[in-house]
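Asker: What follows is a structure written as structure tokens; I'll ask about it next.
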Amino acid sequence: MCGITGYIGGEAALPILLSSLKKLEYRGYDSAGVALLDGGDILVRKTKGRISVLEEKLASEEKTEAKTEAETEAKTEAETGGKNVFGANAGIGHTRWATHGEPSDVNSHPHTDEADSIAVVHNGIIENYLVLRDWLYERGVSFRSETDTEVIAHLVTYYYQNEPEVNPGTGLGTRNILGAVRRTLSRLQGSYALAIIAAGYRDRIIVARKDSPLIIGLGRGENLVASDIPAILSRTREVLFMEDGELAVLYRDRVDLFNEQGNSVTRPPTHIDWTEEAAEKGGYAHFMLKEIHDQPKALQDTLRPRLRRSGDKPVDIDFDEINFDPRWAKRDRVVIIACGTAWHAAMVGKYAFEELARIGVEADIASEFRYRNPLLAPGDLVIVISQSGETADTLAAMRLAKKNGCHVLALTNVVGSTLSREADTVLYTWAGPEIAVASTKAFTTQLMCLYLLALKLGRIRGCLDEGNFRRCLAALEQIPGQCAELLAKQDVIQRFASRQFNKTKVFFMGRQYDYAVSLENALKLKEISYTHSEAFAAGELKHGPIALVDKTTLVVAAATRVSLFDKVVSNIREVSSRGASTLVITWEGESAFTKTADEVFFIPAPLWEDDKTEAAGQNRFRECFSPILSAVPAQLFAYYCSIQRGNDPDKPRNLAKSVTVE
Ligand code: M6R
């Protein structure tokens, strides 16, 4: 997730771009940059770090420029070069959340072609960029950065120079920048929101969107483009929301909008009356709620580039990015290390690796692992999970594993983090920045990556036949959409929370995967609502926890193992008869709990292709992926309980987003 912006009008573009970028900084802050159209030139200024670092660099440039101007008062503009980022009236800007290529000056956007005649800012992922890079190499193009975006600038130039549009009447070719952008877009696979400027075209900015947000702000004598509404609110409240596949050309006094087929489209703008603060959170009251709602997209971004397809069906998992070593599949044991939510992901991973790949997993808490004398052997595969990639205990555990000669595979959300730099190989969760202290989308995308690893290893080890492997991939592919369906029903959870928020004890229970996700569900509630909440394996109920159950207790059971439903029904009866209120999270269409639980929240079941080897519905693999979905109602429950109690869910007391000290 990155933020992009653009301005064309009568005022100096630079301060407008910088102020817009600051409103988008929540989308990423690894680097920032701008490209301005000054006369016939494109002037790029970019740097690693936050927008404030870019501002400092520009301020010192402005000082030097003022001095030079004074010294060369007598010279004409032509003599001094006339290149001025400060006076330009059109430009584009970017704030980056690194995905391809570490945060660095050279990987910062905007990216340009070799002659700096095209500049591009991009939010999204170009999935086929390596293929396009090779294609361009063969045509003599050289690259400066490691990003996926740079191919776009070179492709536009390539098509502009080599494929002029031919006038059918005269037979003559004319160079056409819009045509070149269209040809470029037709080569891109993946997601993008793009803003492009071209040196010879100082009167326009070309923008396009597919699966990444982009809005156009319509001003008086000026027009703007941005990833999100807050970036344009100080200039205009009239907004065109771009649809997927649309392309637009922004001029100072008009906007030409085209659909995917290239036909001109018109539609009235939407008037926005949000406050600027509300707009920064995408209209959500808190970052946590926004991030919960980001999950369908985050899951999609994490999964889709890794699925290899035949026709429209996923048939394999592509792990070229981590130099997936088939020898890992020869090991019967994997160690997974993490803290907090990431450790709960590890616990789900333990069940998944065992079930799908028949590999034993030790899911270890980093702060425990680092002070033990753990049994490690050279070549062991150690998976280290951390959203931030900066958690002190997790880093120490990773270093211990490396010292013992293990191969460390990092699972992190932050490109350029310490973990990503020190691990042997890195698998990224492409969740975009997570601002709220309580982790939500990082957790579900961590699960997605762990499932992919388990499935890949399981297939190589022969634990999954081709049919079940493909069924599992198809089931995973349904999850982003199912997550969106779940979120559409959030009012059910909101109402439940408004009745239950003042319970003094909340217990989360489940068996197997449902136990692992219960650990996370309990943590969510405790950290933002300050309610005493604990999780336990449902089978443990009578071994202790039931002593605490009374009328002030809420028990939340996750129940997605159909073969164990009877046992969960008994557990629910046991706690209900002692006065507890109960909520069960289970599959859509299951009626096992309707008579026993006070409330049932349904999660969508996977559509499972016909399986001839086992009775329909009995294939045990179909239940494996439930934690990604059953975490979502618990996140919403925690959020709404926190609100009901008058807390700030984004900044819970005593907690920090990243625990970088012991
Ligand atoms: O950045 P990390 O994933 O390493 O952080 C680990 C924990 O500190 C983190 O998950 C914490 O438990 C969250 N507040 C949970 O919501």
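The number in the numbering used here is simply the position in the sequence shown, starting from 1, with 1190 added.
Every residue gets a Cβ at the ideal spot worked out from N, C-alpha and C, and that includes glycine.
#1: Three-state secondary structure (DSSP) at K1856?
#2: Consult DSSP for A1370 and reduce its assignment to one of helix, strand or coil.
#3: Measuring only from the beta carbon, is A1532 closer than 6 Å to any heavy atom that is part of ligand 1?
#4: If I follow the unbroken alpha helix (DSSP H) through T1786, where does it start and stop?
#5: Does ligand 1 have even one heavy atom less than 6 Å from the beta-carbon of T1850?
#6: At least one CB of chain C closer than 7 Å to the CB of D1515: is that the case?
#7: Rounded to the nearest angstrom, how far is the Cβ of I1853 from that of I1198, given a contact under 8 Å?
#8: In whole angstroms, what separates the C-alpha of G1272 from that of E1255?
#9: Exposed or buried, what is K1332 when buried is set at 16 or more other beta-carbons lying within 10 Å of its beta-carbon?
#10: Terminal residues of the continuous beta strand (DSSP E) containing E1428?
#11: Would a C-beta distance cut-off of 7 Å place N1603 and L1566 closer than the cut-off?
#12: Locate the alpha helix (DSSP H) running through V1759, then write down its first and last residues.
#13: Please check the pair G1779 and A1749, which I expect to be a contact at CB under 8 Å, by giving their CB distance rounded to whole angstroms.
#14: Identify every run of the beta strand (DSSP E) within the segment 1438-1504, keeping only runs that are complete inside it and at least 3 residues long; order them along the chain.
#15: Let me make sure I understand the geometry here. Which of I1575, E1292, R1323, K1540 has the alpha-carbon closest to that of A1528?
#16: What three-state label does DSSP hand N1809 in the structure shown?
#17: Give the secondary structure of W1777 by DSSP, where H, G and I count as helix, E and B as strand, and everything else as coil.
#18: When burial is assigned at 16 or more other CB atoms within 10 Å of the CB, is R1217 buried or exposed?
#19: What is the DSSP secondary structure of G1836, reduced to helix, strand or coil?
#20: Measuring only the C-alpha atoms, how far is D1434 from P1823?
#21: For the alpha helix (DSSP H) containing I1206, list its first residue and its last residue.
#22: Helix or strand or just coil, what does DSSP make of K1741?
#23: Using the Cα positions of I1241 and E1201, report the straight-line distance between them to the nearest angstrom.
#24: Under 7 Å between the Cβ atoms of P1293 and D1220?
#25: Comparing C-alpha positions only, which one of A1278, I1315, G1734 sits nearest to W1287?
#26: Where DSSP assigns a beta bridge to L1384, which residues make up the other side?
#27: Determine the DSSP secondary structure at A1536, reduced to helix, strand or coil.
#28: Between R1685, T1634, G1648, which has its C-alpha nearest I1669's C-alpha?
#29: Helix, strand or coil, according to DSSP, for I1549 in the structure here?
#30: Could you have a look at N1413 and say whether DSSP puts it in helix, strand or coil?
#31: E1710 and A1821 look like a contact to me (Cβ under 8 Å); what is the Cβ gap, rounded to whole Å?
#32: Comparing C-alpha positions only, which one of K1400, W1518, V1346, G1539 sits nearest to L1647?
#33: Please report the residue range of the alpha helix (DSSP H) in which V1752 lies.
#34: Taking the Cβ atom as the reference point for each residue, do D1393 and Y1350 lie within a distance shorter than 7 Å?
#35: Within 6 Å: the Cβ of T1581 and any heavy atom of ligand 1?
#36: So, helix, strand or coil for A1591, using DSSP?
Answerer: Looking at the atomic coordinates:
#1: This structure cannot settle anything about residue 1856, because the visible part of the chain is limited to 1191 through 1852.
#2: As a position in the sequence shown, residue 1370 is number 180, starting the count at 1. If DSSP states are grouped into helix, strand and coil, A1370 belongs with the helices.
#3: Numbered from its first residue, the sequence shown carries residue 1532 at position 342. A1532 Cβ: within cutoff of ligand 1.
#4: Taking the sequence shown and counting its residues from 1, the one referred to as residue 1786 is at position 596. Per DSSP, T1786 belongs to no alpha helix (DSSP H) and is neither H nor E.
#5: For the purposes of this step, residue 1850 is identified with residue 660 of the sequence shown, where counting begins at 1. Outside the cutoff, so no.
#6: Any reference to chain C falls outside this structure, which holds one protein chain only.
#7: This structure does not reach residue 1853, given that the chain is present from 1191 up to 1852, and the question cannot be answered.
#8: Numbered from its first residue, the sequence shown carries residue 1272 at position 82. Numbered from its first residue, the sequence shown carries residue 1255 at position 65. Reliability of the predicted coordinates at G1272 is poor, the pLDDT of 48 falling under 50, and no value is obtained from them.
#9: Residue numbering aside, residue 1332 sits at position 142 when the sequence shown is read from its first letter. Per the sequence shown, the amino acid found at residue 1332 is Ser instead of Lys. The residue is exposed, with fewer than 16 neighbouring Cβ atoms inside 10 Å.
#10: As a position in the sequence shown, residue 1428 is number 238, starting the count at 1. Boundaries of the beta strand (DSSP E) around E1428: 1428-1431.
#11: Residue numbering aside, residue 1603 sits at position 413 when the sequence shown is read from its first letter. Residue numbering aside, residue 1566 sits at position 376 when the sequence shown is read from its first letter. No; because the gap between Cβ atoms is not below 7 Å, this pair is not in contact.
#12: Locating residue 1759 in the sequence shown gives position 569, where the first residue counts as 1. Here the alpha helix (DSSP H) through V1759 covers 1755-1766.
#13: Position 589 of the sequence shown holds residue 1779. Position 559 of the sequence shown holds residue 1749. Wrong, their Cβ atoms sit about 13 Å apart, outside the cutoff.
#14: DSSP runs (the beta strand (DSSP E)) wholly in the segment 1438-1504: 1445-1448, 1497-1500.
#15: Stepping through the sequence shown from its first residue, residue 1528 is reached at position 338. Of I1575, E1292, R1323, K1540, the residue nearest in Cα terms is I1575.
#16: As a working mapping, residue 1809 is identified with position 619 in the sequence shown. Correct three-state label for N1809: coil.
#17: If you number the sequence shown from 1, residue 1777 lands on position 587. Strand.
#18: Residue numbering aside, residue 1217 sits at position 27 when the sequence shown is read from its first letter. Buried is the call here.
#19: Here residue 1836 refers to the residue found at position 646 of the sequence shown. The answer is coil: DSSP assigns G1836 none of H, G, I, E or B.
#20: Here residue 1434 refers to the residue found at position 244 of the sequence shown. Here residue 1823 refers to the residue found at position 633 of the sequence shown. Cα to Cα, the separation comes out at about 29 Å.
#21: Working through the sequence shown from its first residue, we reach residue 1206 at position 16. In the DSSP annotation of this structure, the continuous segment of the alpha helix (DSSP H) that includes I1206 starts and ends at 1203-1213.
#22: Mapped onto the sequence shown, residue 1741 falls at position 551. It is coil, neither helix nor strand.
#23: Residue mapping note: residue 1241 aligns to position 51 of the sequence shown, counting from 1. Residue mapping note: residue 1201 aligns to position 11 of the sequence shown, counting from 1. The straight-line gap from Cα to Cα measures roughly 21 Å.
#24: Working through the sequence shown from its first residue, we reach residue 1293 at position 103. Working through the sequence shown from its first residue, we reach residue 1220 at position 30. Against a cut-off of 7 Å, the Cβ pair of D1220 and P1293 comes out as a contact.
#25: Translated into positions along the sequence shown, residue 1287 becomes position 97. W1287 has its Cα closest to that of I1315, out of A1278, I1315, G1734.
#26: For this step, residue 1384 is matched to residue 194 along the sequence shown. Looking at the DSSP assignment, L1384 forms a beta bridge with H1312, A1398.
#27: Position 346 of the sequence shown, counted from the first residue, corresponds to residue 1536. Residue state, collapsed to three classes: helix.
#28: Residue mapping note: residue 1669 aligns to position 479 of the sequence shown, counting from 1. Among R1685, T1634, G1648, the Cα nearest to that of I1669 is on T1634.
#29: In the sequence shown, counting from the first residue as 1, residue 1549 sits at position 359. DSSP, read as helix, strand or coil, puts I1549 in coil.
#30: As a working note, residue 1413 is residue 223 in the sequence shown. It is a strand residue.
#31: Within the sequence shown, residue 1710 is the residue found at index 520, counting from 1. Within the sequence shown, residue 1821 is the residue found at index 631, counting from 1. Yes, E1710 and A1821 are in contact; Cβ-Cβ is about 6 Å, under 8 Å.
#32: For the purposes of this step, residue 1647 is taken as the residue at position 457 of the sequence shown. The shortest Cα separation from L1647 among K1400, W1518, V1346, G1539 belongs to W1518.
#33: On the sequence shown, position 562 is the one that residue 1752 refers to. For V1752, there is no enclosing alpha helix (DSSP H), since its DSSP letter is neither H nor E.
#34: In the sequence shown, residue 1393 corresponds to position 203, counting from 1. In the sequence shown, residue 1350 corresponds to position 160, counting from 1. Cβ distance not < 7 Å, so D1393 and Y1350 don't count as in contact.
#35: By 1-based counting over the sequence shown, the position of residue 1581 is 391. Under cutoff, so the answer is yes.
#36: Mapped onto the sequence shown, residue 1591 falls at position 401. A1591 falls in the helix class under three-state DSSP.
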